[in-house]
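Numbering (the working numbering), first residue to last: 73 to 207. In this text, a Cβ means the ideal position worked out from N, Cα and C, and glycines have one as well. Since the structure is predicted, the reported quantities are computational estimates derived from the model, not experimental observations.
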């Protein structure tokens, strides 16, 4: 997670052949801070809004697939995905009891949740790449 004082761009050239790709850019309203004036009166000082986002570095040449791969591997490593696949397959084969057992359902749900989030990220990256003319 990265934080910025100003809203960051989705894609920024770093200058060394790499780019920062940012997604999930959200405004974060910091909590106000109590300050005491010289007269002893307390006042609420409003902080300027900040922005949070997730970001990855990607090297040229930029492609949608390269950015998607960087985003996905920044969130999950290959071992995590393989673990989910193995547990899903084991649940489908009845190794956690019946497919309808709570344990099997939990493993099946974990994998389908992962696939849903992964697909949403890919859709977001593809939309951003289309916006920037990246194939």
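* To do: Within the same chain, show all residues whose beta-carbon is closer than 8 Å to that of residue 170, passing over the 5 residues directly before and after it, in chain order.
  => Residue mapping note: residue 170 aligns to position 98 of the chain shown, counting from 1. Counting only Cβ-Cβ distances below 8 Å, and skipping sequence neighbours, we find 176.
* Where in the segment 73-160 do unbroken runs of the beta strand (DSSP E), each at least 3 residues long, occur, reported from the N-terminal end onward? -> DSSP runs (the beta strand (DSSP E)) wholly in the segment 73-160: 74-76, 83-85, 90-100, 105-108, 114-117 and 122-131.
* So who's on the other strand from residue 169, going by DSSP bridges? -> Here residue 169 corresponds to residue number 97 of the chain shown, with the count starting at 1. As computed with DSSP, residue 169 is found in a beta bridge with 167.
* To do: Please list, in chain order, all residues of the same chain as residue 136 whose beta carbon is under 7 Å from its beta carbon, the five residues on each side excluded.
  => Within the chain shown, numbered from 1, the residue matching residue 136 stands at position 64. Taken in chain order, the residues that qualify are 197, 198, 201, 206 and 207.
* To do: Would you grab the beta carbon distance between residue 89 and residue 127 for me? Rounded to a whole angstrom, and I think it's under 8 Å.
  => As a working note, residue 89 is residue 17 in the chain shown. As a working note, residue 127 is residue 55 in the chain shown. Incorrect: roughly 17 Å between the Cβ atoms, too far for contact.
* **Where the alpha helix (DSSP H) through residue 180 begins and ends** => Taking the chain shown and counting its residues from 1, the one referred to as residue 180 is at position 108. Run containing residue 180: 174-204, per the alpha helix (DSSP H) assignment.
* Integer Cβ distance of residue 140 from residue 194, believed to fall under 8 Å -> As a first step, residue 140 is located in the chain shown; it is residue number 68 there, counting from the start. As a first step, residue 194 is located in the chain shown; it is residue number 122 there, counting from the start. The pair is a contact, with the Cβ atoms about 5 Å apart (cut-off 8 Å).
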